[in-house]
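Below is one structure, written out as structure tokens; the observations come after it.
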Amino acid sequence: MSSLPPLVSVPDSSTGADASDSLEVSARYSRSVRLPGFGLDAQSRLLAARVLVVGAGGLGAPVIEYLAASGVGTLGIVDDDVVDLSNLQRQVLFRPDQVGVPKARAAAEWVRASAPDVRVVVHPVRLTAENSALLDDYDLIVDGSDSFDTCYVVADEAAARGLPVVWGSVNRFDGQLSVFWDDAPDGRSVDYRDLHPAPPAAGWDESCADVGVLGPLCGTVGTAMATEVVKLLAGIGEPLLGRVVTVDALEATWRESRVARAPHRAGERAAANALRRASTAPAAPAAAAVGNSGAEPSYRGSARLDVGSPELSTGGRASVRPGAAVGNSGAEPSHRGSARPDVGSPELSTGGRASVGPGAAVGDSGAEPSHRGSARPDVGSPELSTMLEARGAGGRGFTLLDVRELDEHVFAHITGDVLAAGFGTRTRQRPELDPALPVVVYCARGPRARAAAELLIRDGFDVAVLHGGMIGWQLAQGTAGHRVAGG
340 MSSLPPLVSV
350 PDSSTGADAS
360 DSLEVSARYS
370 RSVRLPGFGL
380 DAQSRLLAAR
390 VLVVGAGGLG
400 APVIEYLAAS
410 GVGTLGIVDD
420 DVVDLSNLQR
430 QVLFRPDQVG
440 VPKARAAAEW
450 VRASAPDVRV
460 VVHPVRLTAE
470 NSALLDDYDL
480 IVDGSDSFDT
490 CYVVADEAAA
500 RGLPVVWGSV
510 NRFDGQLSVF
520 WDDAPDGRSV
530 DYRDLHPAPP
540 AAGWDESCAD
550 VGVLGPLCGT
560 VGTAMATEVV
570 KLLAGIGEPL
580 LGRVVTVDAL
590 EATWRESRVA
600 RAPHRAGERA
610 AANALRRAST
620 APAAPAAAAV
630 GNSGAEPSYR
640 GSARLDVGSP
650 ELSTGGRASV
660 RPGAAVGNSG
670 AEPSHRGSAR
680 PDVGSPELST
690 GGRASVGPGA
700 AVGDSGAEPS
710 HRGSARPDVG
720 SPELSTMLEA
730 RGAGGRGFTL
740 LDVRELDEHV
750 FAHITGDVLA
760 AGFGTRTRQR
770 PELDPALPVV
780 VYCARGPRAR
790 AAAELLIRDG
800 FDVAVLHGGM
810 IGWQLAQGTA
820 GHRVAGG
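One point on numbering: in the working numbering, the residue at position 162 of the sequence shown is 501, and numbering is uninterrupted.
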């Protein structure tokens, strides 16, 4: 049994052939049907369900595979990207010969070949508020996107329709997942904005292209997300509503944190949900989805939860994408996805796995400077090359600061730089720098460098960011994709 009623009703056999009759003679779903508490009833609900998967990437791929294999009747796939060679490390739906093919189309091809009874709908677009009406055709939304902007569109548009959202995010070696439902039954309403009230500041949204992601972790988190979808649709088990699970692949740990409706949002959201239910109630029977009885379910309440547990005050989003969320997740950032702790928060002084450069003297940027530095225009790779040559010939000095992690620095860095691993995002500690010299700071693409630049400016330094980061530098030097330990 589940603490929540099934999201989808068993189809009325009077409208056509009973789905159970065909199931009894089919071996495809026999292993599910035999499960205690599942049976033909739950399988029929899956066949009647309509699920929209936003993002056919590292998380969306295993979600699509397992929902199709499980017999979800209609799968919608939203993605405006094309298959890239770098996707094949973790996006297991795709083949090398599909590089350049739209992901939504390639994913639909897999579904049609592997689960021909499943209806698949292709939406080769980026989900925005302007095209969000496509959510109207679905019972549940899966958010596997790699964009903070998309996360908030999903959250707001699903809330406006009373739809549950299964969310996940991965980054580096960490992942997160949860279930959000703005109009959940029994006073359990909670949504993404209760966890992360607003998007992070510009420059904090890093993708797996910036910081990397462990391929199998996408499968771990994605299949767990698919399990949550099945539980909600069929009404089995205890869903992750009001709970965020953080997966640490390196430590092999699964940690749970509580999340609840933010008190200041409770009244506003309860009123909005009541208004939505009132406006749609007369049309509900006529507009009912396949497998929906048309009756207004008793679980459309919107009472608030208790305030979340204390550990929610210090976390970050799994960079699962986004992959990880910004706000009070109480979890180590992982993408699609992942938020880092706020700059300046006390916990940033203690760091993570990677250390500041070997033998470096460590300073604390938290001290109040005697004067504020200034932000200088971004430096391009050709300009930096000229500056390095001039510095080497005895010209004007400057500090070139790498704020990536130690493993990234060892793999490839620019000759003559100084490593301040994780400075600005994971830690506020850095090597002592000459305050008389301007600083050029870089990371993989730029977001981490901009966060570090803010702290350095506050500490009185004049700072520029390397435009395009290490990736842009390698492209300019003609060394992209190769180890560049010396420049």
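All residues carry an ideal CB built from backbone N, CA and C; glycine is no exception. As the structure is a prediction and not an experimental result, all values here were calculated from the model.
Buried versus exposed call for residue i [16 or more other C-beta atoms within 10 Å across all chains shown]
| i | result |
| --- | --- |
| G755 | exposed |
| R787 | buried |
| L589 | exposed |
| T592 | exposed |
| E744 | buried |
| T489 | buried |
| D476 | exposed |
| R784 | buried |
| R389 | buried |
| D798 | buried |
| L644 | Its pLDDT being 27, under 50, L644 is placed unreliably by the model, and the measurement read from it follows with that caveat. L644 should be labelled buried. |
| S618 | exposed |
| D423 | exposed |
| P345 | buried |
| T725 | exposed |
| L374 | exposed |
| R711 | exposed |
| P539 | buried |
| G807 | buried |
| F750 | exposed |
| S688 | The predicted position of S688 is uncertain, since its pLDDT is 30 and thus under 50; a value taken from the coordinates is nonetheless stated next. When all chains shown are included, S688 counts as exposed. |
| E728 | exposed |
Helix, strand or coil at residue i [DSSP, three-state]
| i | result |
| --- | --- |
| E793 | helix |
| Q768 | strand |
| R735 | coil |
| E322 | Absent from the structure is residue 322, since the part of the chain shown begins at 340 and ends at 826. |
| A498 | helix |
| V372 | helix |
| H748 | helix |
| I753 | coil |
| N510 | strand |
| F487 | helix |
| D380 | helix |
| A523 | coil |
| Q813 | helix |
| V742 | coil |
| P441 | strand |
| S596 | strand |
| S618 | helix |
Among the options, nearest to residue i - alpha-carbon criterion
| i | options | result |
| --- | --- | --- |
| A792 | T738, G733 and I810 | T738 |
| V779 | L346, S508, D522 and L740 | L740 |
| A443 | S348, F512, R582 and G394 | G394 |
| C782 | G736, A803 and D773 | A803 |
| E607 | D533, A751 and D380 | D533 |
| A472 | V492, P555, G736 and R711 | V492 |
| L414 | R451, D380 and V742 | R451 |
| L556 | S425, D587, G731 and L427 | D587 |
| G396 | A729, V417, P539 and E577 | V417 |
| T566 | S369, V504 and A611 | V504 |
| L479 | L385, N426 and R730 | L385 |
| S365 | D456, V347 and F433 | D456 |
| N426 | A775, F750, L553 and E728 | L553 |
Contacts around residue i, its chain only, beta-carbon distance under 7 Å, and the 5 residues preceding and following it disregarded
| i | result |
| --- | --- |
| T562 | P401 and Y405 |
| N470 | V464 |
| G378 | V372 |
| G581 | R527, V529, R597, V598, A599 and L644 |
| V550 | N510, R511, S658 and A783 |
| P578 | L343, V518, E567, K570 and L571 |
| S684 | Confidence in S684 is poor, its pLDDT being 32 and thus under 50, which makes the residue's placement too unreliable to answer from. |
| H462 | G415, I416, V417, A443 and L473 |
Beta-carbon proximity list for residue i, same chain, < 6 Å, skipping 5 on both sides
| i | result |
| --- | --- |
| A815 | S720 |
| V431 | A400 |
| D530 | A494, A498, F519 and D521 |
| P777 | F737 and D801 |
| H752 | D741 |
| R594 | T585 |
Cβ-based neighbour list, residue i, same chain, cut-off 8 Å, excluding 5 preceding and 5 following
| i | result |
| --- | --- |
| S453 | E404, A407 and A408 |
| G702 | Unreliable positioning characterises G702 in this predicted model, as indicated by a pLDDT of 44, which lies under 50. The coordinate reading is nonetheless provided below. Excluding sequence neighbours, G702 sits near Q768, R769, P770, E771 and L772. |
| R615 | A499, R500, G501 and D522 |
| A468 | V492, D495 and E496 |
Residue-level contact to chain B via CB, residue i, 9 Å cutoff
| i | result |
| --- | --- |
| L391 | No chain B is present in this structure, which holds just one protein chain. |
- Are three or more beta carbon pairs between the stretch 523-535 and the stretch 593-609 nearer than 8 Å? With the cut-off at 8 Å, the stretch 523-535 and the stretch 593-609 touch.
- Message: Below 8 Å, how does it come out for the stretch 712-729 and the stretch 760-767: are there three or more Cβ pairs, yes or no?
- Response: These segments do not touch.
- Decide if the stretch 480-490 is in contact with the stretch 433-440; the criterion is three or more beta carbon pairs, one per stretch, under 8 Å apart. As far as the Cβ criterion goes, the stretch 480-490 does not touch the stretch 433-440, which means the pair count is below three.
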